[in-house]
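> Could you have a look at this structure, given as structure tokens, before my questions?
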Amino acid sequence: MNHSDGDRDTDENKDEHGIDADGYFGESVAATYDESSAEMFDPARVEPAVEVLAELAGGGRALELGIGTGRIALPLARRGVEVHGIDLSRAMVDRLRAKPGGDAIGVTIGDFATTRVEGTFSLAYLVFNTINNLTTQDAQVDCFLNAAAHLEPGGCFVVEVVVPDLRRLPPGQTAVPFRVDGSRLGFDLYDVATQSLSSHHVTVREDGTSSYFSLPFRYVWPAELDLMARLAGLRPRARWDGWDRSPFTSESRQHVSVWEKPAG
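Residue numbers (my numbering): 781 to 1044.
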């Protein structure tokens, strides 16, 4: 599938919120996405995830919701797993297509909460907090329903996401910094009444100029995800602190959760 970047990210293609047809991950974000998230592309971060996902796929097909530039899909495909992806952003998928092996991965352009693709899968997965890109509870529930509809009996749905970091918020404070260095500033703004969160990024270039962008999210609790899974007919299978399958505890700041579609 060929897409012309052309002027897709120009002002005339954006709505009143500054969002273009690719959502919040248009050309301006996609152009530097891999570099800005370089630590997540480290083999030490990628390989444990791929190991778990390949095992859960069990020789079957895998569906990645929010496939992006292929950080997980490409190495998973190299393990022999047939991967299909759903993503709203053509700009992100263009980066996937440009990488070795990218043309061999099928991608459907659309909202991963509702977009259906043909066939069934033994595994569906959402990684790197992507469930939080769905900014309403209804959309997150729809995502679980959509994942379950794609799974064959016995198949698994996997979500990797942070635990809401509200313990770092003293009374009256709404901002939490997550990066402060010589070239980048990042902070999250929380609204605990609505479970909304906006992530703000400032980059200072060598010439002294700067750029700014923000992304909206909806944070979600582990127990809330379990209820969404139950509404979709899925049952809990595992919850770990991370891809190394270490125990999930009250001190965990993230989790990898696995739900399965009952057989029969």
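Idealized CB from N, CA, C, for every residue including glycine. Being a predicted model, the structure only gives us computed values, none of them experimental.
1) Ordered along the chain, which non-local residues of its own chain (more than five positions away) have a Cβ less than 8 Å from that of serine 978?
2) Under 8 Å: do the stretch 836-846 and the stretch 893-901 share three or more Cβ pairs, one atom per stretch?
3) May I have the straight-line CA-CA distance separating lysine 794 from threonine 916, to the nearest angstrom?
4) Near aspartate 971, what residues of its chain come up, given a Cβ to Cβ distance below 8 Å and the 5 sequence neighbours on each side ignored?
5) Within the continuous beta strand (DSSP E) that includes proline 1016, where are the two ends?
6) Within the same chain, show all residues whose beta-carbon is closer than 6 Å to that of arginine 1033, passing over the 5 residues directly before and after it, in chain order.
7) Measuring alpha carbon to alpha carbon, tell me which residue in Gly962, His981, Gly839, Leu1011 is nearest serine 817.
8) Spatial neighbours of glutamate 940 within its chain, please: C-beta separation below 6 Å, excluding the five flanking residues on both sides.
9) Who are the Cβ neighbours of tyrosine 999 in its own chain at under 7 Å, not counting the five residues just before and after it?
10) With DSSP collapsed to three states, give me the class of phenylalanine 993.
11) Taking glycine 935 as the reference, which of Leu833, Ala829, Asp822, Asp814 has the closest Cα?
12) Hey, leucine 876 and valine 861: beta-carbon distance below 8 Å or not?
Once the coordinates are examined:
1) For the purposes of this step, residue 978 is taken as the residue at position 198 of the sequence shown. Closer than 8 Å at the Cβ level, and outside the excluded window around serine 978, lie Asp968, Leu969, Ser994, Leu995, Pro996, Phe997.
2) yes
3) Taking the sequence shown and counting its residues from 1, the one referred to as residue 794 is at position 14. Taking the sequence shown and counting its residues from 1, the one referred to as residue 916 is at position 136. For lysine 794, the predicted structure reports a pLDDT of 45, less than 50, and the residue's modelled location is therefore unreliable. The matter cannot be settled from this model.
4) As a position in the sequence shown, residue 971 is number 191, starting the count at 1. Correct list, in chain order: Thr954, Leu977.
5) Your numbering for residue 1016 matches position 236 in the sequence shown. Taken as a continuous stretch (DSSP letters only), the beta strand (DSSP E) holding proline 1016 covers 1015-1020.
6) On the sequence shown, residue 1033 is found 253 positions in, with the first residue counted as 1. Val943.
7) Locating residue 817 in the sequence shown gives position 37, counting from the first residue. Of the listed residues, the one whose Cα sits closest to serine 817 is His981.
8) For the purposes of this step, residue 940 is taken as the residue at position 160 of the sequence shown. Same-chain partners within the cutoff: Val907, Val1036.
9) Here residue 999 refers to the residue found at position 219 of the sequence shown. Cβ within range, chain order: Asn912, Pro944, Gln975, Leu977.
10) The residue given as residue 993 occupies position 213 in the sequence shown. In the structure shown, phenylalanine 993 sits in a strand (DSSP, three-state: E or B).
11) Mapped onto the sequence shown, residue 935 falls at position 155. The shortest Cα separation from glycine 935 among Leu833, Ala829, Asp822, Asp814 belongs to Leu833.
12) Within the sequence shown, the letter at position 96 stands for residue 876. Within the sequence shown, the letter at position 81 stands for residue 861. Taking 8 Å as the Cβ cut-off, leucine 876 and valine 861 do not qualify as a contacting pair.
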